[in-house]
Amino acid sequence: MNIEKELHKTGGFLNLDLLAKQVVEGYISGIHKSPFHGFSAEFAEHKIYNNGESTRHIDWKLFAKTDKLYTRRYEEETNLRCHLILDNSASMHYPAVKEQNLDSLNKIGFSVLASACLMEVLKRQRDAVGVSIYSDEFEFYSPEKSSERHHHMLLNKLNEILTGSAKRKNTDTYTYLHQIAEKLKRRSLIFLFTDMFQADADEERLFEALRHLKYNRHEVILFHVIDEKRELNFSFENTPRRFTDVETGAEVDLYSDNIRENYKKAVEKYLADLKMQCAKYRIKYVEADINKNFDNIMTAYLLEKQKFG
């Protein structure tokens with residue numbers, strides 16, 4: 001995928017923890033308008049009742065208010081293990097931004113903040129979370145834990161990846177997904193943030209790696225991080241522009257109007273094929289447009305958590 005600007009060094013979020021809490025609180029306050037009505041007030045203290053569980057801890061007062069069965073959670077419970085995987089390749093640092101904030105995010109900034117939001121929810125639910133980061137190398141791995149110290153260590157690591165310049169190198173995503181899969185022994189919910197762009201577009205190998213992630217009965221959710229305006233709709237002014245491939249450095253000069261129609265057809269076919277492959281291998285596909293809010297990220301988590309048993 002080509003872009004029109006050079007990548008440059010940007011700063012991280014001034015307070016990633018606080019920003020994630022604000023986003024989560026905003027989402028929770030809006031849950032009453034969604035299918036999760038009744039869940040917001042008890043977000044950290046309750047979980048959905050599953051058939052076959054003991055009825056001893058059912059909150060009958062909450063049942064009277066919501067007509068849904070929830071059981072009380074206890075501090076020592078860690079019922080869910082979640083692993084976040086972030087693609088930190090060069091293409092994820094598009095578009096160039098002066099600073100990361102809610103009104104100005106590139107793909108890696110969106111992925112970092114979305115991950116921090118998921119971590120905030122997991123912390124409230126006292127569940128365990130781990131993180132893996134890859135680019136042209138396997139940059140970071142931390143197993144799933146639920147301590148406060150672990151939570152802040154992961155936040156710091158996520159923010160760190162925003163402060164360096166992106167390396168213009170090829171990224172074979174499937175290589176690192178295989179390595180991550182080997183490390184994940186216990187059943188987990190796996191969230192992968194990636195734009196699915198790589199110089200070596202070997203889809204068969206890539207989906208082999210995604211299938212590997214599903215070993216040990218893991219559930220895999222693919223957050224396809226995109227800039228819909230530019231990368232899908234090719235919305236650029238019709239003036240002569242030089243587009244640069246951030247993975248290889250290749251350049252091309254063109255007028256956007258001359259190729260927009262064919263470009264959009266090619267991208268639509270690519271997306272249709274990608275969604276079909278995800279469906280084939282039972283991988284949950286979620287579009288993550290960096291120009292939109294984080295509601296679909298949070299909702300995907302809640303839906304998959306309810307199914308994960």
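For the sequence shown, the UniProt record's numbering begins at 1 and goes up steadily by one.
Ideal Cβ placement from N, Cα and C applies to all residues, glycine included.
Keep in mind it's a predicted model, so treat the numbers as computed, not measured.
Check your understanding: For N156, does the three-state DSSP call read helix, strand or coil?
Key -> In the sequence shown, residue 156 corresponds to position 156, counting from 1. The answer is helix: DSSP assigns N156 an H, G or I state.
Check your understanding: Using the C-alpha atoms, what's the distance from T55 back to F294?
Key -> As a first step, residue 294 is located in the sequence shown; it is residue number 294 there, counting from the start. As a first step, residue 55 is located in the sequence shown; it is residue number 55 there, counting from the start. Cα atoms of F294 and T55: separation of roughly 34 angstroms, rounded to the nearest angstrom.
Exercise for review: Would you kindly work out how many angstroms separate the C-alpha atoms of Q306 and I48, rounded to a whole number?
Suggested key: Residue numbering aside, residue 306 sits at position 306 when the sequence shown is read from its first letter. Residue numbering aside, residue 48 sits at position 48 when the sequence shown is read from its first letter. If I take the Cα positions, the gap works out to 7 angstroms.
Point to revise | Counted within 10 angstroms of its Cβ, other Cβ atoms place residue 310 as buried (16 or more) or exposed | key: No statement about residue 310 is possible, as the shown extent of the chain runs from 1 to 309 and does not include it.
Exercise for review: Indicate whether R173 and L206 have their beta-carbon atoms separated by less than 8 angstroms.
Suggested key: Taking the first residue of the sequence shown as 1, we reach residue 173 at position 173. Taking the first residue of the sequence shown as 1, we reach residue 206 at position 206. One point to set straight first is that residue 173 is Thr, not Arg, in the sequence displayed. Judged by their CB atoms, T173 and L206 are nearer to each other than the 8 angstroms cut-off.
Exercise for review: Tell me whether G26 is buried or exposed, calling it buried when 16 or more other Cβ atoms sit within 10 Å of its Cβ.
Suggested key: In the sequence shown, counting from the first residue as 1, residue 26 sits at position 26. Per the 10 Å Cβ criterion, exposed.
Point to revise | Residues near D289 in its chain [Cβ-Cβ closer than 7 angstroms; skip 5 each side] | key: Against the sequence shown, residue 289 aligns to sequence position 289. So the list reads I226 and E228, once near-sequence residues are dropped.
Check your understanding: At least one CB of chain D closer than 8 angstroms to the CB of S54: is that the case?
Key -> This model lacks chain D altogether, as it is built from one protein chain only.
**Study point:** One or two residues paired with A288 in a DSSP bridge
**Key:** Locating residue 288 in the sequence shown gives position 288, where the first residue counts as 1. Its beta-bridge partners are V225.
Practice item. Within the same chain, show all residues whose beta-carbon is closer than 6 angstroms to that of R217, passing over the 5 residues directly before and after it, in chain order. Key: Here residue 217 is taken as the residue at index 217 of the sequence shown, counted from 1. So the list reads R187, once near-sequence residues are dropped.
Check your understanding: Can you tell me whether R282 is buried or exposed, with buried defined as 16 or more other CB within 10 angstroms of its CB?
Key -> Against the sequence shown, residue 282 aligns to sequence position 282. Sixteen is the threshold: since fewer than 16 other Cβ atoms of the shown chains lie within 10 Å of the Cβ of R282, the residue is exposed.
Check your understanding: Does the count of Cβ pairs from the stretch 94-101 and the stretch 140-151 closer than 8 angstroms reach three?
Key -> The way I'd put it, the stretch 94-101 doesn't touch the stretch 140-151; fewer than three beta-carbon pairs between them come closer than 8 angstroms.
Review point. Looking at V129 and L84, is the spacing between their C-beta atoms short of 8 angstroms?
Key: In the sequence shown, the residue the question calls residue 84 occupies position 84. In the sequence shown, the residue the question calls residue 129 occupies position 129. A Cβ-Cβ contact shorter than 8 angstroms links L84 with V129.
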